[in-house]
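So the sequences go chain by chain: A and B.
Oh and the first sequence: position 215 is 439 in my numbering, straight run, nothing missing.
Oh and the second sequence: position 18 is 234 in my numbering, straight run, nothing missing.
Cβ atoms here follow ideal geometry from the backbone N, Cα and C, with glycine treated the same way.
Here the structure is laid out as structure tokens; the discussion comes afterwards.
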Amino acid sequence: MPRALTYGALLFLSAMFIIPFYWTFITAVKSIGELYQFPPVFWPDEVMWDNFVTAWFKQPFDVYLKNSVIVVVLSTIGQLFSCSLVAFGFARFKFKGRDAIFVLLLSTMMIPWDVKMIPLYMEFNMLGWINTLKPLIVPAYFADAFFVFLLRQYIMTVPIEIDEAARMDGANSWQIYWRIHLPLMMPALVLVGTFHFMNAWNDYLGPLIYLNDQSKYTLTLGLSMFKGLHETDITSIAAITVVLCIPPLILFFFAQRYIMDGSIGSSVKG
Amino acid sequence: MSTLVVQDEASEERHRFIEKLTPYLFISPWILGFLFFTLGPLIFSFIMSFYDWPVVGERTFVGLQNYEVMLTEDPLFWDSLWITVKFGLFFVPFNVILGLLLAVLLNQKVFGTGVFRTIFYLPSVISGVALVTIWAWIYSHEYGILNFLLGLAGIEGPNWLGDPNWSLLAIVIASLWGLGGTMLILLTGLQSIPKELYEAAKMSDVPAWARLIYITIPMLSPMLLFTVITSIISAFQQLTIALLLTGGGPLESTYFFAMYIYDNAFKYFEMGFAAANSWVMFLIILVLSMLVLKSSSAWVYYEGEMKNSEAADA
Numbered sequence: 225m226p227r228a229l230t231y232g233a234l235l236f237l238s239a240m241f242i243i244p245f246y247w248t249f250i251t252a253v254k255s256i257g258e259l260y261q262f263p264p265v266f267w268p269d270e271v272m273w274d275n276f277v278t279a280w281f282k283q284p285f286d287v288y289l290k291n292s293v294i295v296v297v298l299s300t301i302g303q304l305f306s307c308s309l310v311a312f313g314f315a316r317f318k319f320k321g322r323d324a325i326f327v328l329l330l331s332t333m334m335i336p337w338d339v340k341m342i343p344l345y346m347e348f349n350m351l352g353w354i355n356t357l358k359p360l361i362v363p364a365y366f367a368d369a370f371f372v373f374l375l376r377q378y379i380m381t382v383p384i385e386i387d388e389a390a391r392m393d394g395a396n397s398w399q400i401y402w403r404i405h406l407p408l409m410m411p412a413l414v415l416v417g418t419f420h421f422m423n424a425w426n427d428y429l430g431p432l433i434y435l436n437d438q439s440k441y442t443l444t445l446g447l448s449m450f451k452g453l454h455e456t457d458i459t460s461i462a463a464i465t466v467v468l469c470i471p472p473l474i475l476f477f478f479a480q481r482y483i484m485d486g487s488i489g490s491s492v493k494g
Numbered sequence: 217m218s219t220l221v222v223q224d225e226a227s228e229e230r231h232r233f234i235e236k237l238t239p240y241l242f243i244s245p246w247i248l249g250f251l252f253f254t255l256g257p258l259i260f261s262f263i264m265s266f267y268d269w270p271v272v273g274e275r276t277f278v279g280l281q282n283y284e285v286m287l288t289e290d291p292l293f294w295d296s297l298w299i300t301v302k303f304g305l306f307f308v309p310f311n312v313i314l315g316l317l318l319a320v321l322l323n324q325k326v327f328g329t330g331v332f333r334t335i336f337y338l339p340s341v342i343s344g345v346a347l348v349t350i351w352a353w354i355y356s357h358e359y360g361i362l363n364f365l366l367g368l369a370g371i372e373g374p375n376w377l378g379d380p381n382w383s384l385l386a387i388v389i390a391s392l393w394g395l396g397g398t399m400l401i402l403l404t405g406l407q408s409i410p411k412e413l414y415e416a417a418k419m420s421d422v423p424a425w426a427r428l429i430y431i432t433i434p435m436l437s438p439m440l441l442f443t444v445i446t447s448i449i450s451a452f453q454q455l456t457i458a459l460l461l462t463g464g465g466p467l468e469s470t471y472f473f474a475m476y477i478y479d480n481a482f483k484y485f486e487m488g489f490a491a492a493n494s495w496v497m498f499l500i501i502l503v504l505s506m507l508v509l510k511s512s513s514a515w516v517y518y519e520g521e522m523k524n525s526e527a528a529d530a
């Protein structure tokens, strides 16, 4: 393919992907007058940083932020801990039924969320967990299948001789997991942590179904409330959208080299 | 002396028992999670689907009635299913083909691939709610930037979200904005294709389009299969975007099957009926995935198999 055509296509497509972000940011910092000007204003005369503050106090976003942080931090810890344990179990032991159980684990990835949505709601209702953050946190302590698969593939690449040497020195299985494999898994753990952080931070349907009181809302739910409450308040919607996008984007930039690194991604193929 | 031996034996037995138990202890978080958050709910939902099951109040066994009503009496079932299929027919091919196009472009040795790759992946990082609010404003009939840009090109843009002829397409486009994940999987696949194949082809003057069709696509076919299946699944589960961007409208032109389930469960509180709906979705996804997998032996090329058959020939 000619060089120029490749560059042309890449630049055009990048513009398609970037413009929506740019447009949201510009909308957030425009004055009301500029918002409805036609033809549209592509750079405001004055950047209205105050719009962010105004938007933040239109709803109890402090409370939403606190709830989001609780959910994300606690569930990420749970996911990292449980998935690495389970992955270590599958990667480093021979036991009865291992392969059958592993196939079962993989097949659970195919089950659509919608099938579990209703019974899970009933289950959490019976436990008295509706309108608490628990349904968004507790399941993360029971190992997500995809993350287990990813970590297991990663552990398989570590030579078994390392484990054997440690065992000769008197280390037990827990110590081999905790002292040797957990540190070695770090790149894969960063990847799992990043993906889970994004899932939890961005989750909308979970909070929508399980939370009723505004005092329990997460940020995504708060943002979606704007649609009903202030139909025309585009500036605030855009401002909160920008705020909501910032943590995942920052995290993405830090974890980028792990996400883009084919060596972990390609393990998905095997 | 003898007691000591007995003790030794006992401790050895205990030791062996613990050793046997250890692997199960390590995988126990998943086992428990599977029982309580997957298998239990699945069985529960299956049972519910044969009941008239309101959230509060009396539940009664109704046999196959939920399934009957859904298939024969409720037009919304077929309508929402058809809308979901239409969405899938647009979304799945575009998601895979555009993902492939981006991956192929990025796999060229061009300056700044890292930056481009990041740009294409960015939308996949943000939340569905943020995505929806961004696109709602872009699609705005009067003030939207999309129709302004189309206007510059001399095209009068439609009322994207207000016109039933365009609303589904609007959701397809917004969904395609997040194809970075597909791109990344295919890019990883492209990078694992041996360079020698291309070099050999170049030496025998095979043109670029033929290299794409005869080398890239066959070598990439296992990954393509994977992305086709995951795209189908995500097309069927499409809910957040439609729920927030159009609310299923206008005139139910974007009333997806997942929204039908959601409404039956959490708006009308017909838990049994909604459970029956969700099992139909599960079956459809299962059958479609099986069909794609079955067909895959015809179009997916596995390098490993080739090697095996060669070995068998020799």
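Subject >> Neighbour-count burial assignment, residue 231/B, 16 or more Cβ in a 10 Å radius >> reply: Position 15 of the second sequence, counted from the first residue, corresponds to residue 231/B. Counting Cβ neighbours within 10 Å, residue 231/B comes out exposed, since fewer than 16 surround it.
**OP:** Could you check which residue in 510/B, 464/B, 448/B has the C-alpha nearest to that of residue 497/B?
**Re:** Indexing the second sequence from 1 puts residue 497/B at position 281. Cα-wise, what sits closest to residue 497/B is 448/B.
**OP:** With DSSP as the reference, label residue 486/B as helix, strand or coil.
**Re:** Here residue 486/B refers to the residue found at position 270 when the second sequence is read from its first residue. If DSSP states are grouped into helix, strand and coil, residue 486/B belongs with the strands.
**OP:** Ignore the nearest five residues each way along the sequence and tell me which others in residue 380/B's own chain have a CB closer than 6 Å to its CB.
**Re:** Reading the second sequence from its first residue, position 164 is the one you call residue 380/B. Answer for residue 380/B: 466, 467, 469, listed in chain order.
Original post:
What first and last residue would you give for the alpha helix (DSSP H) that runs through residue 323/B?
Top reply: Within the second sequence, residue 323/B is the residue found at index 107, counting from 1. Here the alpha helix (DSSP H) through residue 323/B covers 291 to 323.
**OP:** Report buried or exposed for residue 247/A, applying the criterion of at least 16 other Cβ atoms within 10 angstroms of its Cβ.
**Re:** Translated into positions along the first sequence, residue 247/A becomes position 23. Looking at its Cβ environment, which holds 16 or more other Cβ atoms inside 10 Å, residue 247/A is buried.
Original post:
Checking contacts by CB at 8 Å: is residue 240/B closer than that to chain A?
Top reply: Position 24 of the second sequence, counting from 1, holds the residue named residue 240/B. For residue 240/B, at least one C-beta of chain A is nearer than 8 Å to its own C-beta.
Subject >> Three-state class that DSSP yields for residue 276/B in the structure shown >> reply: The sequence position of residue 276/B within the second sequence is 60, counting from 1. In the structure shown, residue 276/B sits in a strand (DSSP, three-state: E or B).
Original post:
Can you name the residues of chain A whose CB is closer than 7 Å to the CB of residue 419/B?
Top reply: In the second sequence, the residue the question calls residue 419/B occupies position 203. Here the premise fails: no neighbours, minimum Cβ distance about 18 Å.
Subject >> Residue environment, residue 331/A, which counts as buried when at least 16 other CB atoms sit within 10 Å >> reply: Against the first sequence, residue 331/A aligns to sequence position 107. Exposed.
Subject >> Within 9 Å of chain A by C-beta, residues of the segment 443 to 459 of chain B in sequence order >> reply: 445, 449, 452, 453, 455, 456, 459
Original post:
Under 8 Å between the Cβ atoms of residue 418/A and residue 447/A?
Top reply: If you number the first sequence from 1, residue 418/A lands on position 194. If you number the first sequence from 1, residue 447/A lands on position 223. Residue 447/A sits away from residue 418/A, with the two beta carbons spaced by 8 Å or more.
**OP:** Could you tell me which of 322/A, 292/A, 285/A, 450/A sits nearest to residue 246/B, measuring between CA atoms?
**Re:** Here the question's residue 246/B lines up with position 30 in the second sequence. Here the closest residue by C-alpha is 322/A.
Subject >> Residue from 296/A, 397/A, 340/A, 459/A whose Cα sits closest to the Cα of residue 274/A >> reply: Start at 1 with the first residue of the first sequence, and residue 274/A comes out as number 50. Closest by alpha carbon: 459/A.
**OP:** Using only alpha-carbon positions, find the residue among 244/A, 242/A, 435/A that is nearest to residue 352/A.
**Re:** Here residue 352/A refers to the residue found at position 128 when the first sequence is read from its first residue. Nearest C-alpha to residue 352/A: 435/A.
**OP:** Could you say which of 283/A, 262/A, 263/A, 257/A lies nearest to residue 271/A if we only look at CA atoms?
**Re:** Counting from 1 along the first sequence, the entry for residue 271/A is found at position 47. Minimum Cα distance to residue 271/A is reached at 257/A.
Original post:
Is the beta carbon of residue 444/A less than 8 Å from the beta carbon of residue 343/B?
Top reply: Taking the first residue of the first sequence as position 1, residue 444/A is located at position 220. Taking the first residue of the second sequence as position 1, residue 343/B is located at position 127. Yes.
**OP:** With 8 Å as the threshold, decide whether the Cβ of residue 393/A is near any Cβ in chain B.
**Re:** The count along the first sequence starts at 1 and reaches residue 393/A at position 169. Contact with chain B is absent for residue 393/A, since none of that chain's Cβ atoms lies less than 8 Å from the residue's Cβ.
Original post:
In chain B, which residues lie with their C-beta within 9 Å of the C-beta of residue 415/A?
Top reply: Here residue 415/A refers to the residue found at position 191 when the first sequence is read from its first residue. Those do not exist, as residue 415/A stays about 12 Å from chain B at its closest Cβ, beyond 9 Å.
**OP:** Taking a Cβ distance cut-off of 9 Å, strictly less, list which residues of the segment 331 to 355 of chain A are near chain B, in chain order.
**Re:** Within the segment 331 to 355 of chain A, the residues whose Cβ lies closer than 9 Å to some Cβ of chain B are 332, 334, 335, 336, 337, 338, 339, 340, 341, 342, 343, 344, 345, 346, 347, 349, listed in chain order.
Original post:
Shorter than 8 Å from the beta carbon of residue 426/A to some beta carbon of chain B?
Top reply: Residue 426/A sits at position 202 when you count from the first residue of the first sequence. Residue 426/A counts as touching chain B.
**OP:** With DSSP as the reference, please indicate the residues paired to residue 267/B in a beta bridge.
**Re:** Position 51 of the second sequence, counted from the start, is the residue given in the question as residue 267/B. DSSP lists 277/B as the bridge partner or partners of residue 267/B.
**OP:** Kindly give me the distance between the Cβ atoms of residue 404/B and residue 461/A, rounded to whole angstroms, as I take these residues to be in contact under 8 Å.
**Re:** Residue mapping note: residue 404/B aligns to position 188 of the second sequence, counting from 1. Residue mapping note: residue 461/A aligns to position 237 of the first sequence, counting from 1. With 8 Å as the limit, residue 404/B and residue 461/A do not qualify as a contact, their Cβ atoms being about 36 Å apart.
Subject >> For residue 442/A and residue 289/A, the rounded distance between their alpha carbons >> reply: Taking the first residue of the first sequence as position 1, residue 289/A is located at position 65. Taking the first residue of the first sequence as position 1, residue 442/A is located at position 218. The straight-line gap from Cα to Cα measures roughly 6 Å.
Subject >> Buried/exposed call for residue 456/B, threshold 16 Cβ in 10 Å >> reply: Working through the second sequence from its first residue, we reach residue 456/B at position 240. Buried, because 16 or more other Cβ atoms sit within 10 Å of the Cβ of residue 456/B.
**OP:** Pair every Cβ in the segment 304 to 324 of chain B with every Cβ in the segment 372 to 388 of chain B, then say whether three or more of these pairs are closer than 8 Å.
**Re:** The segment 304 to 324 of chain B is in contact with the segment 372 to 388 of chain B.
Subject >> Chain-order list of residues whose beta-carbon lies under 7 Å from that of residue 449/A (same chain, five-residue window excluded) >> reply: Working through the first sequence from its first residue, we reach residue 449/A at position 225. Cβ neighbours of residue 449/A beyond the five flanking positions: 283.
Subject >> 8 Å contact criterion, which residue 402/B and residue 435/B should meet: CB distance rounded >> reply: Working through the second sequence from its first residue, we reach residue 402/B at position 186. Working through the second sequence from its first residue, we reach residue 435/B at position 219. Not a contact, Cβ separation roughly 11 Å.
Subject >> Cβ-based neighbour list, residue 268/B, same chain, cut-off 7 Å, excluding 5 preceding and 5 following >> reply: As a first step, residue 268/B must be located in the second sequence, where it is residue number 52. 275, 276, 278, 488, listed in sequence order.
Original post:
For a contact meaning CB atoms closer than 8 Å, what does residue 543/B contact in chain A?
Top reply: Absent from the structure is residue 543/B, since the part of chain B shown begins at 217 and ends at 530.
Original post:
Under the three-state reduction of DSSP, which class applies to residue 315/A: helix, strand or coil?
Top reply: By one-based count along the first sequence, residue 315/A stands at place 91. Residue 315/A falls in the helix class under three-state DSSP.
Original post:
For the candidate residues 234/B, 297/B, 346/B, whose alpha-carbon lies nearest to that of residue 473/A?
Top reply: Looking up residue 473/A in the first sequence gives position 249. Of 234/B, 297/B, 346/B, the residue nearest in Cα terms is 346/B.
Original post:
In three-state terms, what does DSSP make of residue 353/A?
Top reply: Sequence index remark: in the first sequence, residue 353/A carries index 129 (1-based). DSSP places residue 353/A outside both helix and strand once states are collapsed to three, so it counts as coil.
**OP:** Inspect the beta-carbon positions of residue 370/A and residue 334/A and report whether they are closer than 8 Å.
**Re:** Sequence index remark: in the first sequence, residue 370/A carries index 146 (1-based). Sequence index remark: in the first sequence, residue 334/A carries index 110 (1-based). If you check the CB distance, residue 370/A and residue 334/A do not come in under 8 Å.
Original post:
With distances taken from CA atoms, which of 285/A, 430/A, 415/A is nearest residue 303/A?
Top reply: Position 79 of the first sequence holds residue 303/A. Comparing Cα positions, the closest option is 415/A.
**OP:** Could you tell me which chain C residues have their CB closer than 8 Å to the CB of residue 505/B, listed as they occur along the chain?
**Re:** Judged by its chain identifiers, the structure shown contains no chain C, and its protein chains are A and B.
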